[in-house]
Amino acid sequence: MMDSKKKLSIEPVGEQVRGQGGKGGAKIDIDRHYQKILDWFARNNPFAKSELHYKNAYELLVAVILSAQCTDKRVNMVTPALLARFPDSLSMSRSDQEEIYSYIKSISYPNNKAAHLLGMAKMLQSDFGGQVPDTVEDLMRLPGVGRKTANVIASVIFDKPAMAVDTHVFRVSARLGLTHAAKTPLEAEKQLVAHIPETILGKAHHWLILHGRYVCTARKPHCEECGLSEFCPYFQANREGDASLPADAKETASSRPLESLEKKSARMKKPVSRKEPVSLKKSVSLRKLASAKGKSASSKGNSKK
Ligand code: SF4
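Each residue of the sequence shown is one higher than the one before, counting from 629 in this note's numbering.
Structure representation (structure tokens):
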């Protein structure tokens, strides 16, 4: 793992560890590869943060549970009224699934999510004194909270060194060559955590999500306007038609495993988070996105991050 205290501007020259990119299967220095990409994100999207609206741990927990297989924009449309009626876990725990459903019926899987919210609120009251726990293990005990949601709360609210892997993080990491042959979100998480400094894990999570949502979209990535194309094995492979590049740089291998997991999870009434890609006009660049984020960050003084 890279030294978490090491500044990203320092360029280590380490051992070439595996053939992950470059024409003809040339080896790359994986630490250097990570550093170039993280440096780029740090320069171009320094204010990356969650697009969900929240003011405290409970509100973010509610929002992230609702965001499973739903857009942040849609979640932000229902949470004001929901949280006005249920401003804390006590008020929600005293309600019932039917009433909660009435506030969230416009989002995906409203029945399951109403049950999860009610169960989550009751467990916060019964097991955690009404407070949102600060460990991934305790968070994952809550109904509706899988590893991704737990990592988001641990990272964003409690500044824990956690990497939440959703469909965007999973896909973008594979395309960029940050992960190698990862079959599950947990495998991808372990690889990312092994190479990204702890101090910026949370920020890196948002970088990868936003890049996947607005630039490196699932079906048709906007490579022509992506500032990372020179470091990207997926782009190099598709541009040069280099069949020797690793399979996980390909669209199919990078996206199918997680999508299959998510569909299975939904059937089991245990959804994991998936945010639908939001189309973006071609004229919108990541630099403009970073600028918008900066303005947004300064205008939302109530949010912790
Ligand atoms: S170059 Fe294309 S595939 Fe690579 S990160 Fe950018 S948008 Fe994604």
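Think of the CB as a built atom: it goes at the ideal place given N, C-alpha and C, for glycine as much as any other residue.
Presumed contact (8 Å Cβ cut-off) between V843 and L688, rounded CB distance: On the sequence shown, residue 843 is found 215 positions in, with the first residue counted as 1. On the sequence shown, residue 688 is found 60 positions in, with the first residue counted as 1. Under the criterion of beta carbons closer than 8 Å, V843 and L688 do not qualify as touching, at roughly 25 Å.
Near the ligand SF4: D863 beta-carbon under 6 Å from a heavy atom: Counted from its first residue, the sequence shown places residue 863 at position 235. Note that residue 863 corresponds to Phe in the displayed sequence, not to Asp. Under cutoff, so the answer is yes.
Span separating the alpha-carbon of G855 from that of A846: To locate residue 855, count along the sequence shown from 1; it is residue 227. To locate residue 846, count along the sequence shown from 1; it is residue 218. About 17 Å.
Cβ-based burial, E765 [other Cβ within 10 Å; buried from 16]: Mapped onto the sequence shown, residue 765 falls at position 137. The Cβ neighbour count for E765, taken over all protein chains shown within 10 Å, is under 16; the residue is labelled exposed.
Cβ pair count under 8 Å reaching 3, the region 850-867 against the region 687-705: With a cut-off of 8 Å, the region 687-705 and the region 850-867 do not count as touching, because too few Cβ pairs lie within range.
The region 831-838 touching the region 790-797, judged by at least three CB pairs closer than 8 Å: Put simply, the region 831-838 touches the region 790-797. At least three CB pairs are less than 8 Å apart.
P674 burial status per 10 Å Cβ neighbour count (16 or more: buried): Translated into the one-based positions of the sequence shown, residue 674 becomes position 46. The residue is exposed, with fewer than 16 neighbouring Cβ atoms inside 10 Å.
Boundaries of the alpha helix (DSSP H) in which S721 is found, first to last residue: Taking the sequence shown and counting its residues from 1, one reaches residue 721 at position 93. That run of the alpha helix (DSSP H) goes S717 to S721.
C-alpha gap between C698 and I735, whole angstroms: Position 70 of the sequence shown, counting from 1, holds the residue named residue 698. Position 107 of the sequence shown, counting from 1, holds the residue named residue 735. Rounded to the nearest angstrom, the two C-alpha atoms are 7 Å apart.
Closer than 6 Å: A797 CB and nearest the ligand SF4 heavy atom: Stepping through the sequence shown from its first residue, residue 797 is reached at position 169. Correcting the residue type first, residue 797 is Val in the shown sequence and not Ala. Every heavy atom of the ligand SF4 is 6 Å or more from the Cβ of V797, so no.
Every unbroken alpha helix (DSSP H) inside the region 725-790 [4 residues or more]: Whole alpha helix (DSSP H) segments, 4+ residues: 725-732, 738-755, 764-767 and 775-784.
Alpha carbon of L806 to alpha carbon of R775, nearest angstrom: Taking the first residue of the sequence shown as position 1, residue 806 is located at position 178. Taking the first residue of the sequence shown as position 1, residue 775 is located at position 147. Each residue's Cα considered, the two are about 20 Å apart.
Status (buried if at least 16 other CB within 10 Å, exposed otherwise) for Q819: Sequence index remark: in the sequence shown, residue 819 carries index 191 (1-based). In this structure Q819 is buried. Its beta-carbon is surrounded by 16 or more other beta-carbon atoms within 10 angstroms.
Euclidean distance between Cα positions of L718 and Q753: Numbered from its first residue, the sequence shown carries residue 718 at position 90. Numbered from its first residue, the sequence shown carries residue 753 at position 125. So the alpha carbons of these two residues sit roughly 7 Å apart.
D716 versus T763 - alpha carbon distance: As a position in the sequence shown, residue 716 is number 88, starting the count at 1. As a position in the sequence shown, residue 763 is number 135, starting the count at 1. Taking the straight line from one Cα to the other gives about 20 Å.
As assigned by DSSP and simplified to three states, the class of Y686: Taking the first residue of the sequence shown as position 1, residue 686 is located at position 58. Here Y686 carries a helix assignment [DSSP, helix/strand/coil].
Beta-carbon contacts of I824 that lie in its chain and below 8 Å, excluding the five residues immediately before and after: Position 196 of the sequence shown, counting from 1, holds the residue named residue 824. Answer for I824: M630, Y662, L666, M791 and A832, listed in chain order.
Assigned exposure category for L804 - 16 Cβ within 10 Å defines buried: Walking along the sequence shown from the start, residue 804 turns up at place 176. Label assigned to L804: buried.
L856: CB within 6 Å of a non-hydrogen atom of the ligand SF4: For the purposes of this step, residue 856 is identified with residue 228 of the sequence shown, where counting begins at 1. Answer for L856: yes, Cβ within range of the ligand SF4.
Alpha-carbon to alpha-carbon, K788 and P738: If you number the sequence shown from 1, residue 738 lands on position 110. If you number the sequence shown from 1, residue 788 lands on position 160. Going from the Cα of P738 to the Cα of K788 covers about 30 Å.
heavy atom of the ligand SF4 below 6 Å from R841 C-beta: In the sequence shown, the residue the question calls residue 841 occupies position 213. Flag unset: Cβ of R841 not near the ligand SF4.
R867 CB to nearest heavy atom of the ligand SF4 below 6 Å: Locating residue 867 in the sequence shown gives position 239, counting from the first residue. Outside the cutoff, so no.
Inter-residue spacing [alpha-carbon to alpha-carbon] between K733 and R769: One-based indexing of the sequence shown puts residue 733 at position 105. One-based indexing of the sequence shown puts residue 769 at position 141. For the pair K733 and R769, the Cα-to-Cα distance works out to about 25 Å.
Reduced DSSP secondary structure (H/G/I, E/B, other) of F701: Start at 1 with the first residue of the sequence shown, and residue 701 comes out as number 73. Here residue 701 is Lys; the residue named in the question, Phe, does not match the sequence. In the three-state reduction of the DSSP assignment, K701 falls in the helix class, which pools H, G and I.
When A670, E817, A676 and M751 are compared against R841, the one with the closest alpha-carbon: Translated into positions along the sequence shown, residue 841 becomes position 213. Per the Cα distances, A676.
Backbone secondary structure at F714 - three-state DSSP: For the purposes of this step, residue 714 is taken as the residue at position 86 of the sequence shown. F714 sits in coil when the DSSP states are folded into three classes, being neither helix nor strand.
From E853, Q725, M720 and F786, residue whose alpha carbon lies closest to that of A743: The residue given as residue 743 occupies position 115 in the sequence shown. Ranking E853, Q725, M720 and F786 by Cα distance to A743 puts Q725 first.
Any non-hydrogen atom of the ligand SF4 within 6 Å of L820 CB: Position 192 of the sequence shown holds residue 820. Checking every heavy atom of the ligand SF4 against the Cβ of L820, none is found closer than 6 Å.
Any non-hydrogen atom of the ligand SF4 within 6 Å of R671 CB: Taking the sequence shown and counting its residues from 1, the one referred to as residue 671 is at position 43. No, the Cβ of R671 stays beyond 6 Å of every heavy atom of the ligand SF4.
V690 versus G830, R713 and D657, residue with shortest Cα-Cα distance: Indexing the sequence shown from 1 puts residue 690 at position 62. The shortest Cα separation from V690 among G830, R713 and D657 belongs to R713.
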